[in-house]
Amino acid sequence: MANDWQKIKVTDPKQWAAGVPAVVSAYKNVSAKVGPIKGTKLLSQLNQIEGFDCPGCAWPDPLEKRSTFEFCENGAKAVADEATLKRITARFFKKHSIEFLKGQSDKWLNNQGRLAEPVVLKPGQTHYEAISWKAAFTLISETLSSLKNPNQAAFYTSGRTSNEAAFLYQLFVRQFGTNNLPDCSNMCHESSGVALGETIGVGKGTVTLADLENADAIFIFGQNPGSNHPRMLGSLQQAKRKGAKIVSINPLDETGLKRFKNPQEVDGVIGTGTELRDLHLQVKVNGDMALLKGLCRVLIERDSPQTPTLDHDFIQTYCHGFDDFKNEILSTDWHQIEVSSGLTQEQIQQAADIACASKKTICCWAMGMTQHKNAVANIQLITNFLMLRGDLGKPGAGVCPVRGHSNVQGDRTMGIWEKPSQSLLDSLAKTFDFTPPQEHGVDAVECMQAMDDGDIRFLFALGGNFFRAMPDHDLSERALAKCDLTVQVSTKLNRSHLYTGKAALILPALGRTEIDYQKSGIQTVTVENSMGVIQTSHGKIPPASSLLKSEVAIVTELASKVLPESKIDWLGFCYDYARIRDKIALTIPGFDDFNHKIDTFGEFVLPNPVRDSRTFNTDTGKANFVVQEKSELAVPEGCLVLMTIRSHDQFNTTVYTDNDRYRGVYGGREVVFLNSEDINRLDLVAGEKVNISSVDAKSGKSLRTVKQYQVIAYNIPSGCAAAYYPETNNLIELGQVADKSNTPAYKSVIVRIEKTDKKTA
Ligand SMILES: Nc1nc2c(c(=O)[nH]1)N[C@H]1C(S)=C(S)[C@@H](COP(=O)(O)OP(=O)(O)OC[C@H]3O[C@@H](n4cnc5c(=O)[nH]c(N)nc54)[C@H](O)[C@@H]3O)O[C@H]1N2
Ligand SMILES: Nc1nc2c(c(=O)[nH]1)N[C@H]1C(S)=C(S)[C@@H](COP(=O)(O)OP(=O)(O)OC[C@H]3O[C@@H](n4cnc5c(=O)[nH]c(N)nc54)[C@H](O)[C@@H]3O)O[C@H]1N2
Ligand SMILES: [Mo]
């Protein structure tokens, strides 16, 4: 942890992304963790048809023409992190108590290596100790049978789980008798799913990679692809070369969207690269609704019979609710739009110029849009903005929510959802001849609350770091401690292994990079990327330990133990994963001939009614315009709105290093980015240490505080602040969530910033 005397080094943000430094960083990282020869071999397998799917982000691979190095710096880091040569065995836990481990940083925990054998924390004990797989399954099974009813258990999923494991997992959980299937999507793109479901009838994006590369205009809202989806920069570069205009809407002028030097091209190595964004709209945190209303207003006002700016045919044929939407948009007040968005009318007109000159526009977005109270409204407005010009269901146009985890979208498709559709439940009932529970289960926030209320007493997590990823660690620690047993299926050590139920298990799993040997031979798994393409993934390196099990093996062995009466041949699925795919083909729409398709083509695209035929499966049967209620964040006098974001050197709660190269921060993560005006107004100076407290907007009272954060003067709108996730998660209230999607509002935390010496010395 940083002390007052430790200064974090700050330089100017970088003006371009990738290039040689990215390649050097990638190789340095991989070589340090797995050695140069193995590292180079591993990287050449990444995202190849016969290689493994990158465990990093969900950005798609080109369907044809994959280069030998279809990887990025941060994909390489994710691979190196999994393929590390270091191991954690029971001996490690004998040496280190839970209390000691709690005192270590996230980076330290992750750097200890791969979890190599199952361990148990018995009630009242201070250390984990070795346990056999058999005894671990018995402990889980006994705890589950001691529950009053199946809804006292919850089963979390993070988004790296393969389609095969996810399908069997939800089947097991539903046959056990609950829909309590919270997942990382609840904290991530849930708002996109809800918003798109209501407006266009499909919870996913509607564009392909080819669409993106052929768009006339691309609007990128609340996303930092330079760090989180670096391969997207290559697609944006292609689009630019074909003449696309790019608009970035972001409180920060993120380096990756300024200029890109493609390390796979000569120009990217020795040239100046490609300028990406044509316009940067420096919106205030949570100012997007106002901006989008302004944009829609300009499009509507500019429309005339001589020079139409709206696609009247599309609106008439395919849309519902236009008149009400138009009236509401025309009644918005420009002054209010400017105050709320932090942008001038002229800037919004400039963005509208780009939209009007475009015949095909795509809107991309990520967490800057989904993690606010009004997140669903944000995304519905994006969709409605596109609908005004008919930019849905035609080549080069559409919505593009850019997903996070590499298979988060696939896990949902496989039925990891606490609110399953009736058709999924009916389909499961038909294929497997049982009655799935009909009552909806808990999402991530409801799960934590139910544990705190004593209603859920058992948590099983297939991957992830549920404790650390969630808000309000004080509450979460208390809630988890009330459980009888918490089980983490993991590859790396993290904080969820330390904040546990009365008893806890760590079950070590195979990662995406590793060869999955089962009785019938080496297995293939599949994943779905952000654009609905199903791809295969083949592990390439021997497992980190002979005691690891694949997620499929863990789920099937557990299911056969917990459900001895089940008519399903669980262990048979593990024998050959093709058998799982045969059942997926019978149950999940779009997967007919699943095995045949992947054997023949390696990958295939799932149907998408909006993209394929402008079919809108909504309540009205049309694409819906939605009138959004006014929604302003109440910010008490003297307070700021804090967004909690990722650095360039982390993957979610996994911190690789303390640096954030593009933003110019080195040697520490306990920093807060502030506008110089705010720094002056608060009587602070850049470089000094401050405390950040979250504030109850109604009473103005401080809630929880993080201490000793170094002030960085940064180009960020006045009234806004930024700090890194997950160190600041305790500031966020569990109940501070997005309307309708219940996603924590990680990006609009009301805070007060004070000199450290006022409170701590
Ligand atoms: N290397 C790496 N890759 C990753 C991840 C990782 O941690 N590391 N995480 C994966 C996951 S699970 C996800 S979900 C994605 C996350 O990918 P991103 O969504 O790009 O990640 P964040 O760091 O949360 O960045 C949010 C961006 O939104 C901006 N923003 C914040 N608030 C607002 C707002 O109110 N309005 C607007 N317009 N912008 C705003 C921030 O300035 C920032 O640029 O990346 C995935 N890929
Ligand atoms: N403040 C704040 N909080 C946030 C966010 C934010 O922007 N701000 N973002 C939210 C978002 S978008 C997300 S997606 C969540 C992320 O929440 P999670 O998905 O729960 O968290 P991760 O950090 O991705 O999980 C990392 C752990 O997953 C395990 N793991 C990695 N690979 C595998 C594998 O192949 N199999 C298994 N079984 N385990 C594996 C490792 O043990 C590793 O320690 O966090 C959310 N929390
Ligand atoms: Mo995410």
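Residue numbers (my numbering): 2 to 762. C-beta: ideal position from N, C-alpha, C; glycine also.
Closer than 6 Å: residue i CB and nearest ligand 3 heavy atom
i      : result
Gly405 : yes
Cys401 : no
Cys357 : no
Cys58  : no
Cys55  : no
Check: residue i C-beta below 6 Å from any heavy atom of ligand 1
i      : result
Lys748 : yes
Cys365 : no
Leu145 : no
Glu529 : no
Leu253 : yes
Met368 : yes
Asn385 : no
Ile316 : no
Phe652 : yes
Identified DSSP bridge partners for residue i
i      : result
Thr655 : Phe652
Asp1   : This structure cannot settle anything about residue 1, because the visible part of the chain is limited to 2 through 762.
Lys10  : Tyr667
Gly644 : First, the residue type needs correcting, since residue 644 is Met and not Gly in the sequence shown. In DSSP, Met644 forms a bridge with Ala723.
Ser742 : Beta-bridge pairing links Ser742 to no other residue.
Phe261 : Ala18 and Thr275
Leu463 : Thr158 and Val490
Phe617 : None; Phe617 has no bridge partner.
Any non-hydrogen atom of ligand 2 closer than 6 Å to residue i Cβ
i      : result
Asn493 : Going by the sequence as given, residue 493 is Lys instead of Asn. The answer is yes for Lys493.
Ala743 : Note that residue 743 corresponds to Asn in the displayed sequence, not to Ala. Not under cutoff, so the answer is no.
Cys640 : no
Ala470 : yes
Arg161 : yes
Met188 : yes
Asn225 : no
Asn287 : no
Gly464 : yes
Thr514 : no
Met644 : no
Ala137 : no
Thr362 : no
Val340 : no
Cys185 : yes
Ala510 : yes
Asn609 : no
Exposure of residue i, with buried meaning 16 or more beta-carbon neighbours within 10 Å
i      : result
Thr601 : exposed
Gly20  : buried
Phe468 : buried
Arg753 : buried
Val750 : buried
Phe101 : exposed
Asp620 : exposed
Thr761 : Legend: pLDDT at Thr761 = 46, less than 50; position of this residue unreliable, no value from coordinates given.
Arg612 : buried
His373 : buried
Glu143 : exposed
Asn4   : Any reading at Asn4 must be qualified, since the residue scores a pLDDT of 47, below 50, and its modelled position is unreliable; the value itself is stated next. Under this definition Asn4 is an exposed residue.
Gly622 : exposed
His313 : exposed
Val656 : buried
Ser342 : buried
Lys8   : exposed
Near ligand 4: residue i beta-carbon under 6 Å from a heavy atom
i      : result
Tyr129 : This structure does not include ligand 4; its bound ligands are ligand 1, ligand 2 and ligand 3.
Starting from the N-terminal side, write out each stretch of the alpha helix (DSSP H) that is 4 residues or longer and does not extend beyond the segment 350–393. Listed in chain order, the complete alpha helix (DSSP H) runs (minimum 4 residues) inside the segment 350–393 are 368–371 and 376–389.
Whole runs of the beta strand (DSSP E) within the segment 687–726, excluding any shorter than 3 residues: 690–696, 703–714 and 721–725, all fully within the segment 687–726.
Runs of alpha helix (DSSP H) lying entirely within the segment 392–439, each at least 4 residues, in chain order: Within the segment 392–439, the complete alpha helix (DSSP H) runs of at least 4 residues are 409–414 and 423–433.
Where are the alpha helix (DSSP H) runs, 4 residues long or more, that stay fully inside the segment 175–207, in chain order? Runs of the alpha helix (DSSP H) inside the segment 175–207: 191–201.
In chain order, what are the residue ranges of uninterrupted beta strand (DSSP E) at least 3 long that sit wholly in the segment 509–542? Runs of beta strand (DSSP E) with 3 or more residues, each lying fully within the segment 509–542, are found at 526–529 and 534–538, listed in chain order.
What are the start and end residues of each continuous beta strand (DSSP E) run of 3 or more residues lying completely inside the segment 535–609, in chain order? Those beta strand (DSSP E) runs which fall completely within the segment 535–609 and span 3+ residues are 604–606.
Note down, one range per segment and in chain order, each alpha helix (DSSP H) of at least 4 residues found wholly within the segment 114–159. Fully enclosed alpha helix (DSSP H) runs of 4 or longer: 134–147.
Which runs of the alpha helix (DSSP H) at least 4 residues long sit entirely within the segment 304–334? Give them in chain order. Qualifying alpha helix (DSSP H) stretches, in chain order: 313–319 and 323–331.
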